[in-house]
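Notes for the one structure printed next.
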Amino acid sequence: MPDHLLLNGKKFFLDEVQEYSYRESIPLDGYEIKTLEFCKNWLQGVQEFPVMTSGSTGTPKVITLTREQMEASAKRTLRIFNLQPEDKVLVCLNTEYIAGMMMLVRGLVGELHMTIIEPIGNPLANVDADASFDFVAMVPLQLQQLLEQTPEKVEQLNQMKALLLGGAAIQRNLEDAVQSLQVPVYQSYGMTETVSHVAVRQLNGKDRSEYYVAPPEVTLGQDERGCLTISAEVTKHETLVTNDLVEMRDSQSFKWLGRADNTINSGGVKVQLEKVEQALGDAMSSLGMSRRFFAAALPDEALGERLIAVLEGSPLTDEEEQNLKGMLTEQLGKYEIPKQFGYLPRLPETATGKVDRRGGMALL
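The opening residue of the sequence shown carries number 384 in the numbering used here; numbering runs sequentially from there.
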(Lines of atoms letter the chains of each structure in order from A and count residues from 1; the text may use other names and numbers.)
(Lines give C-alpha, C1' and ligand atoms only; values in the text may rest on other atoms or scores of the structure.)
Protein backbone atom coordinates (compact mmCIF):
# COMPACT_ATOMS: atom_id res chain seq x y z
CA MET A 1 0.00 0.00 0.00
CA PRO A 2 1.36 3.49 -0.83
CA ASP A 3 2.53 5.23 2.34
CA HIS A 4 2.20 8.79 1.01
CA LEU A 5 0.47 11.12 -1.42
CA LEU A 6 1.77 14.05 -3.45
CA LEU A 7 -0.13 17.33 -3.17
CA ASN A 8 1.06 20.28 -5.28
CA GLY A 9 4.52 18.67 -5.34
CA LYS A 10 4.70 18.20 -1.55
CA LYS A 11 4.96 14.71 -0.07
CA PHE A 12 2.60 13.83 2.79
CA PHE A 13 2.87 10.48 4.57
CA LEU A 14 -0.54 8.93 5.23
CA ASP A 15 0.19 8.16 8.89
CA GLU A 16 0.99 11.85 9.38
CA VAL A 17 -2.13 12.88 7.49
CA GLN A 18 -4.22 10.62 9.74
CA GLU A 19 -2.72 12.20 12.86
CA TYR A 20 -2.59 15.72 11.34
CA SER A 21 1.04 15.86 12.56
CA TYR A 22 2.47 17.74 9.55
CA ARG A 23 0.58 20.99 10.22
CA GLU A 24 3.44 22.85 11.90
CA SER A 25 6.20 21.71 9.55
CA ILE A 26 4.81 22.38 6.03
CA PRO A 27 3.23 25.68 4.90
CA LEU A 28 -0.20 25.01 3.37
CA ASP A 29 -2.72 27.00 1.34
CA GLY A 30 -6.48 26.77 1.78
CA TYR A 31 -6.99 24.17 -0.96
CA GLU A 32 -4.28 21.92 0.47
CA ILE A 33 -5.75 22.17 3.98
CA LYS A 34 -9.24 21.15 2.82
CA THR A 35 -7.89 18.28 0.73
CA LEU A 36 -5.79 16.93 3.59
CA GLU A 37 -8.64 17.39 6.08
CA PHE A 38 -10.84 15.16 3.93
CA CYS A 39 -8.10 12.50 3.74
CA LYS A 40 -7.57 12.73 7.50
CA ASN A 41 -11.29 12.24 8.18
CA TRP A 42 -11.42 9.27 5.82
CA LEU A 43 -8.35 7.63 7.35
CA GLN A 44 -9.80 8.15 10.84
CA GLY A 45 -12.97 6.28 9.84
CA VAL A 46 -15.47 9.18 9.76
CA GLN A 47 -18.87 7.79 8.66
CA GLU A 48 -20.62 10.86 7.17
CA PHE A 49 -19.37 13.57 4.81
CA PRO A 50 -21.13 16.82 3.83
CA VAL A 51 -20.82 17.56 0.10
CA MET A 52 -21.89 20.68 -1.81
CA THR A 53 -23.81 20.10 -5.06
CA SER A 54 -22.41 21.92 -8.08
CA GLY A 55 -25.39 24.19 -8.74
CA SER A 56 -25.51 23.42 -12.46
CA THR A 57 -29.14 22.26 -12.31
CA GLY A 58 -30.41 24.20 -9.32
CA THR A 59 -29.40 26.17 -6.24
CA PRO A 60 -26.24 24.66 -4.70
CA LYS A 61 -27.01 22.78 -1.49
CA VAL A 62 -25.19 20.60 1.01
CA ILE A 63 -26.12 16.91 1.16
CA THR A 64 -24.68 14.26 3.47
CA LEU A 65 -23.17 11.08 2.03
CA THR A 66 -22.26 8.04 4.08
CA ARG A 67 -18.92 6.26 4.03
CA GLU A 68 -20.76 3.13 2.83
CA GLN A 69 -22.18 4.97 -0.21
CA MET A 70 -18.79 6.44 -1.12
CA GLU A 71 -16.99 3.10 -0.73
CA ALA A 72 -19.56 1.40 -2.98
CA SER A 73 -19.06 4.06 -5.66
CA ALA A 74 -15.27 3.91 -5.41
CA LYS A 75 -15.15 0.11 -5.65
CA ARG A 76 -17.34 0.18 -8.75
CA THR A 77 -15.01 2.66 -10.46
CA LEU A 78 -11.95 0.61 -9.52
CA ARG A 79 -13.60 -2.48 -11.01
CA ILE A 80 -14.88 -0.84 -14.22
CA PHE A 81 -11.48 0.63 -15.07
CA ASN A 82 -9.42 -2.28 -13.74
CA LEU A 83 -7.48 -0.14 -11.27
CA GLN A 84 -5.19 -2.22 -9.07
CA PRO A 85 -3.29 -1.45 -5.82
CA GLU A 86 -0.15 0.61 -6.55
CA ASP A 87 -1.64 2.07 -9.78
CA LYS A 88 -1.02 5.80 -10.23
CA VAL A 89 -3.81 8.37 -10.52
CA LEU A 90 -3.78 12.11 -11.19
CA VAL A 91 -6.33 14.09 -9.16
CA CYS A 92 -6.95 17.40 -10.95
CA LEU A 93 -10.61 18.14 -10.10
CA ASN A 94 -11.76 20.30 -7.18
CA THR A 95 -11.70 18.03 -4.12
CA GLU A 96 -14.42 20.08 -2.40
CA TYR A 97 -16.98 18.71 -4.89
CA ILE A 98 -18.03 15.14 -5.56
CA ALA A 99 -15.91 14.43 -8.68
CA GLY A 100 -12.62 15.42 -7.05
CA MET A 101 -13.60 14.09 -3.64
CA MET A 102 -14.36 10.66 -5.10
CA MET A 103 -10.93 10.59 -6.76
CA LEU A 104 -9.48 10.84 -3.24
CA VAL A 105 -11.76 8.05 -1.99
CA ARG A 106 -10.79 5.81 -4.93
CA GLY A 107 -7.14 6.43 -4.16
CA LEU A 108 -7.54 5.60 -0.46
CA VAL A 109 -9.88 2.61 -0.93
CA GLY A 110 -7.96 1.22 -3.91
CA GLU A 111 -4.49 1.77 -2.40
CA LEU A 112 -3.46 3.90 -5.36
CA HIS A 113 -0.56 6.33 -5.69
CA MET A 114 -2.16 9.79 -5.77
CA THR A 115 -0.68 12.89 -7.36
CA ILE A 116 -3.02 15.76 -6.47
CA ILE A 117 -2.87 19.21 -8.07
CA GLU A 118 -5.14 22.21 -7.78
CA PRO A 119 -7.57 22.27 -10.72
CA ILE A 120 -6.24 24.30 -13.67
CA GLY A 121 -7.18 24.54 -17.35
CA ASN A 122 -4.44 22.19 -18.58
CA PRO A 123 -3.81 19.53 -15.89
CA LEU A 124 -0.59 18.21 -17.44
CA ALA A 125 0.94 21.64 -18.15
CA ASN A 126 3.19 21.55 -15.07
CA VAL A 127 3.51 17.77 -14.70
CA ASP A 128 6.90 16.21 -15.48
CA ALA A 129 7.08 14.72 -18.97
CA ASP A 130 8.36 11.42 -17.57
CA ALA A 131 5.54 11.10 -15.00
CA SER A 132 3.16 8.24 -15.78
CA PHE A 133 -0.42 7.66 -14.64
CA ASP A 134 -2.95 4.87 -15.00
CA PHE A 135 -6.13 6.93 -14.61
CA VAL A 136 -7.37 10.51 -14.57
CA ALA A 137 -10.76 12.24 -14.46
CA MET A 138 -11.20 15.67 -16.05
CA VAL A 139 -13.87 18.08 -17.23
CA PRO A 140 -14.06 18.37 -21.04
CA LEU A 141 -12.51 21.86 -21.07
CA GLN A 142 -9.38 20.52 -19.35
CA LEU A 143 -8.88 17.85 -22.01
CA GLN A 144 -9.56 20.34 -24.80
CA GLN A 145 -6.95 22.77 -23.47
CA LEU A 146 -4.46 19.96 -22.94
CA LEU A 147 -4.80 18.79 -26.55
CA GLU A 148 -4.60 22.33 -27.95
CA GLN A 149 -1.80 23.70 -25.76
CA THR A 150 0.43 20.67 -25.14
CA PRO A 151 -0.04 18.05 -27.88
CA GLU A 152 3.29 16.55 -26.80
CA LYS A 153 1.53 15.37 -23.61
CA VAL A 154 -0.70 12.99 -25.58
CA GLU A 155 1.83 10.22 -25.00
CA GLN A 156 1.23 10.52 -21.25
CA LEU A 157 -2.50 10.11 -21.84
CA ASN A 158 -2.00 7.11 -24.10
CA GLN A 159 -0.14 5.23 -21.35
CA MET A 160 -3.25 5.27 -19.16
CA LYS A 161 -5.85 2.53 -18.67
CA ALA A 162 -8.68 5.07 -19.02
CA LEU A 163 -9.56 8.76 -19.08
CA LEU A 164 -12.91 9.77 -17.60
CA LEU A 165 -14.69 12.98 -18.65
CA GLY A 166 -17.62 14.48 -16.79
CA GLY A 167 -19.26 17.57 -15.41
CA ALA A 168 -20.28 19.16 -18.71
CA ALA A 169 -21.46 18.35 -22.22
CA ILE A 170 -18.81 17.26 -24.72
CA GLN A 171 -18.75 19.25 -27.94
CA ARG A 172 -18.41 17.57 -31.31
CA ASN A 173 -14.93 18.94 -32.01
CA LEU A 174 -13.61 17.39 -28.78
CA GLU A 175 -15.32 14.08 -29.46
CA ASP A 176 -13.71 14.10 -32.91
CA ALA A 177 -10.31 14.90 -31.37
CA VAL A 178 -10.37 11.96 -28.95
CA GLN A 179 -10.73 9.52 -31.84
CA SER A 180 -6.98 9.82 -32.40
CA LEU A 181 -6.17 8.93 -28.77
CA GLN A 182 -5.15 5.38 -27.91
CA VAL A 183 -6.32 5.66 -24.30
CA PRO A 184 -10.00 4.64 -23.90
CA VAL A 185 -11.95 7.84 -23.17
CA TYR A 186 -15.26 7.63 -21.31
CA GLN A 187 -18.01 10.12 -20.57
CA SER A 188 -19.62 9.76 -17.16
CA TYR A 189 -23.25 10.05 -16.14
CA GLY A 190 -23.86 10.90 -12.53
CA MET A 191 -24.39 13.62 -9.97
CA THR A 192 -23.62 14.39 -6.35
CA GLU A 193 -26.74 12.47 -5.28
CA THR A 194 -25.45 9.32 -7.03
CA VAL A 195 -21.98 9.76 -5.49
CA SER A 196 -20.29 10.40 -8.87
CA HIS A 197 -20.95 8.28 -11.96
CA VAL A 198 -23.41 5.37 -12.15
CA ALA A 199 -22.98 4.83 -15.90
CA VAL A 200 -20.37 5.55 -18.58
CA ARG A 201 -20.21 5.60 -22.37
CA GLN A 202 -17.06 5.06 -24.39
CA LEU A 203 -16.22 7.93 -26.75
CA ASN A 204 -13.53 6.27 -28.87
CA GLY A 205 -12.21 2.89 -29.99
CA LYS A 206 -14.11 -0.15 -31.18
CA ASP A 207 -16.61 0.08 -28.29
CA ARG A 208 -17.55 3.71 -29.03
CA SER A 209 -21.25 4.23 -28.35
CA GLU A 210 -23.98 6.84 -27.91
CA TYR A 211 -25.34 4.82 -24.99
CA TYR A 212 -24.38 5.01 -21.34
CA VAL A 213 -24.02 1.60 -19.73
CA ALA A 214 -24.60 0.92 -16.03
CA PRO A 215 -23.29 -2.17 -14.22
CA PRO A 216 -25.77 -4.88 -13.12
CA GLU A 217 -25.99 -3.68 -9.51
CA VAL A 218 -27.53 -0.38 -10.69
CA THR A 219 -31.28 -0.54 -11.38
CA LEU A 220 -32.45 1.91 -14.05
CA GLY A 221 -35.99 2.90 -15.06
CA GLN A 222 -38.13 5.79 -16.34
CA ASP A 223 -40.92 7.83 -14.84
CA GLU A 224 -44.06 9.00 -16.65
CA ARG A 225 -42.15 11.96 -18.15
CA GLY A 226 -39.52 9.67 -19.69
CA CYS A 227 -36.91 10.75 -17.11
CA LEU A 228 -34.32 8.34 -15.74
CA THR A 229 -34.77 6.72 -12.33
CA ILE A 230 -31.86 5.12 -10.45
CA SER A 231 -31.66 2.71 -7.55
CA ALA A 232 -28.38 1.33 -6.21
CA GLU A 233 -26.26 1.05 -3.09
CA VAL A 234 -25.12 4.65 -3.68
CA THR A 235 -28.77 5.81 -3.35
CA LYS A 236 -29.25 3.56 -0.28
CA HIS A 237 -31.45 1.43 -2.59
CA GLU A 238 -34.03 4.22 -2.71
CA THR A 239 -35.31 5.25 -6.14
CA LEU A 240 -33.81 8.56 -7.24
CA VAL A 241 -35.93 10.36 -9.84
CA THR A 242 -33.83 12.58 -12.11
CA ASN A 243 -34.80 15.38 -14.48
CA ASP A 244 -32.88 13.72 -17.33
CA LEU A 245 -34.89 12.66 -20.38
CA VAL A 246 -33.52 9.39 -21.74
CA GLU A 247 -34.12 6.78 -24.41
CA MET A 248 -33.73 3.33 -22.86
CA ARG A 249 -32.02 0.72 -25.04
CA ASP A 250 -32.37 -2.06 -22.47
CA SER A 251 -32.49 -2.36 -18.68
CA GLN A 252 -28.84 -1.30 -18.24
CA SER A 253 -28.21 1.27 -20.99
CA PHE A 254 -29.67 4.56 -22.16
CA LYS A 255 -29.13 7.53 -24.45
CA TRP A 256 -29.26 10.94 -22.76
CA LEU A 257 -31.60 13.38 -24.54
CA GLY A 258 -31.50 16.42 -22.27
CA ARG A 259 -33.05 17.80 -19.11
CA ALA A 260 -36.81 18.02 -18.72
CA ASP A 261 -36.45 21.58 -17.39
CA ASN A 262 -34.56 22.53 -20.57
CA THR A 263 -37.57 21.83 -22.79
CA ILE A 264 -39.15 25.06 -24.06
CA ASN A 265 -42.38 25.66 -25.95
CA SER A 266 -41.92 27.91 -28.96
CA GLY A 267 -44.94 28.46 -31.15
CA GLY A 268 -46.55 25.32 -29.74
CA VAL A 269 -43.52 23.17 -30.63
CA LYS A 270 -41.42 21.55 -27.92
CA VAL A 271 -37.72 22.33 -28.34
CA GLN A 272 -34.96 20.57 -26.36
CA LEU A 273 -32.13 23.01 -25.64
CA GLU A 274 -29.46 20.30 -25.56
CA LYS A 275 -30.39 19.19 -29.09
CA VAL A 276 -29.99 22.80 -30.27
CA GLU A 277 -26.63 23.08 -28.49
CA GLN A 278 -25.35 19.86 -30.06
CA ALA A 279 -26.23 21.11 -33.55
CA LEU A 280 -24.79 24.54 -32.77
CA GLY A 281 -21.51 22.97 -31.68
CA ASP A 282 -21.34 20.86 -34.84
CA ALA A 283 -22.05 23.88 -37.07
CA MET A 284 -19.53 26.14 -35.32
CA SER A 285 -16.88 23.43 -35.52
CA SER A 286 -17.52 23.04 -39.26
CA LEU A 287 -17.14 26.80 -39.72
CA GLY A 288 -13.89 26.88 -37.72
CA MET A 289 -15.42 28.79 -34.80
CA SER A 290 -14.08 27.92 -31.36
CA ARG A 291 -16.00 29.56 -28.54
CA ARG A 292 -18.32 28.56 -25.73
CA PHE A 293 -22.08 29.02 -25.97
CA PHE A 294 -25.47 27.93 -24.69
CA ALA A 295 -29.09 27.95 -25.91
CA ALA A 296 -31.87 29.54 -23.87
CA ALA A 297 -35.30 31.13 -24.18
CA LEU A 298 -36.77 34.60 -23.75
CA PRO A 299 -40.47 35.40 -23.27
CA ASP A 300 -42.21 36.20 -26.57
CA GLU A 301 -45.77 37.49 -27.03
CA ALA A 302 -46.37 35.61 -30.27
CA LEU A 303 -44.38 32.39 -29.70
CA GLY A 304 -44.65 32.07 -25.92
CA GLU A 305 -40.89 31.47 -25.74
CA ARG A 306 -38.29 32.67 -28.24
CA LEU A 307 -35.20 30.52 -28.73
CA ILE A 308 -31.85 32.34 -28.60
CA ALA A 309 -28.20 31.33 -28.61
CA VAL A 310 -25.67 33.10 -26.38
CA LEU A 311 -22.04 33.04 -27.56
CA GLU A 312 -18.88 33.92 -25.68
CA GLY A 313 -16.71 36.65 -27.19
CA SER A 314 -17.21 39.46 -29.67
CA PRO A 315 -20.32 39.47 -31.92
CA LEU A 316 -20.28 37.57 -35.19
CA THR A 317 -20.77 39.54 -38.40
CA ASP A 318 -24.18 39.41 -40.07
CA GLU A 319 -22.69 37.14 -42.71
CA GLU A 320 -21.25 34.76 -40.08
CA GLU A 321 -24.60 34.61 -38.30
CA GLN A 322 -26.37 33.79 -41.56
CA ASN A 323 -23.81 31.08 -42.39
CA LEU A 324 -24.34 29.58 -38.95
CA LYS A 325 -28.12 29.63 -39.29
CA GLY A 326 -27.78 28.10 -42.75
CA MET A 327 -25.84 25.15 -41.37
CA LEU A 328 -28.36 24.69 -38.56
CA THR A 329 -31.21 24.26 -41.05
CA GLU A 330 -29.54 21.02 -42.16
CA GLN A 331 -29.96 19.50 -38.68
CA LEU A 332 -32.84 21.30 -37.00
CA GLY A 333 -36.49 22.13 -37.57
CA LYS A 334 -37.81 25.65 -38.08
CA TYR A 335 -38.57 26.29 -34.41
CA GLU A 336 -35.27 24.77 -33.26
CA ILE A 337 -33.16 27.43 -34.97
CA PRO A 338 -32.28 30.39 -32.71
CA LYS A 339 -34.23 33.52 -33.56
CA GLN A 340 -31.33 35.72 -32.47
CA PHE A 341 -27.82 35.59 -31.06
CA GLY A 342 -26.65 37.23 -27.86
CA TYR A 343 -23.05 37.84 -26.82
CA LEU A 344 -21.15 38.03 -23.53
CA PRO A 345 -17.40 38.75 -23.20
CA ARG A 346 -17.11 35.72 -20.90
CA LEU A 347 -19.73 33.15 -19.95
CA PRO A 348 -20.15 32.73 -16.19
CA GLU A 349 -19.32 29.34 -14.67
CA THR A 350 -20.49 27.30 -11.73
CA ALA A 351 -17.99 26.44 -9.00
CA THR A 352 -17.15 23.22 -10.84
CA GLY A 353 -16.38 24.95 -14.14
CA LYS A 354 -19.62 24.31 -16.02
CA VAL A 355 -21.21 27.06 -18.11
CA ASP A 356 -23.87 28.69 -15.91
CA ARG A 357 -26.89 29.10 -18.19
CA ARG A 358 -29.00 30.94 -15.61
CA GLY A 359 -26.15 33.24 -14.65
CA GLY A 360 -25.51 33.99 -18.32
CA MET A 361 -29.14 34.90 -18.93
CA ALA A 362 -29.08 37.20 -15.88
CA LEU A 363 -26.02 38.98 -17.29
CA LEU A 364 -27.60 39.22 -20.73
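Where is the CB? At the ideal position from N, CA and C, for every residue including glycine.
Gln532 is not a Cβ neighbour of Phe516, given a cutoff of 9 Å.
Judged by DSSP secondary structure, Val566 falls outside any beta strand (DSSP E); it is assigned neither H nor E.
Burial state of Arg675 is buried, judged by a 10 Å Cβ sphere holding 16 or more other Cβ atoms.
Under the three-state reduction of DSSP, Pro534 is assigned to helix. In the DSSP assignment, Thr625 falls within the beta strand (DSSP E) that extends over 623-633. Contact between Pro523 and Ile553 holds: their C-beta atoms lie close to 5 Å from each other, under 8 Å.
Taking a C-beta distance under 9 Å as the contact criterion, Ala457 and Met485 qualify as a contact pair.
Counting C-beta pairs with one atom in each stretch, the stretch 485-495 and the stretch 404-424 have three or more that are closer than 8 Å, which means they touch. When the alpha-carbon of Asp701 is set against those of Ala545, Asp665, Gln723, the nearest one is in Gln723. Boundaries of the beta strand (DSSP E) harbouring Asp683: 676-683, taken from the DSSP string.
In this structure, DSSP gives Met574 an extended state, which the three-state scheme calls strand. Here DSSP, grouped into helix, strand and coil, assigns Cys610 to strand.
Residue range 740-746 is occupied by the alpha helix (DSSP H) that includes Gly742. For secondary structure counted as the beta strand (DSSP E) over 3 or more consecutive residues, the stretch 391-443 holds these complete runs in sequence order: 393-396, 431-435. Burial check for Glu558: the Cβ neighbour count within 10 Å reaches 16 or more, so the residue is buried. If you compare the alpha carbons of Asp386, Leu495, Leu547, Glu607 with that of Gln585, the shortest gap goes to Leu547. In this structure, the straight-line span from the alpha carbon of Val629 to that of Lys394 is close to 44 Å. When DSSP states are grouped into helix, strand and coil, Gln452 belongs to the helix group. The alpha-carbon of Leu746 is positioned some 48 Å away from that of Pro468. Taken in chain order, the complete alpha helix (DSSP H) segments of 4 residues or longer contained in the stretch 459-493 are 481-492.
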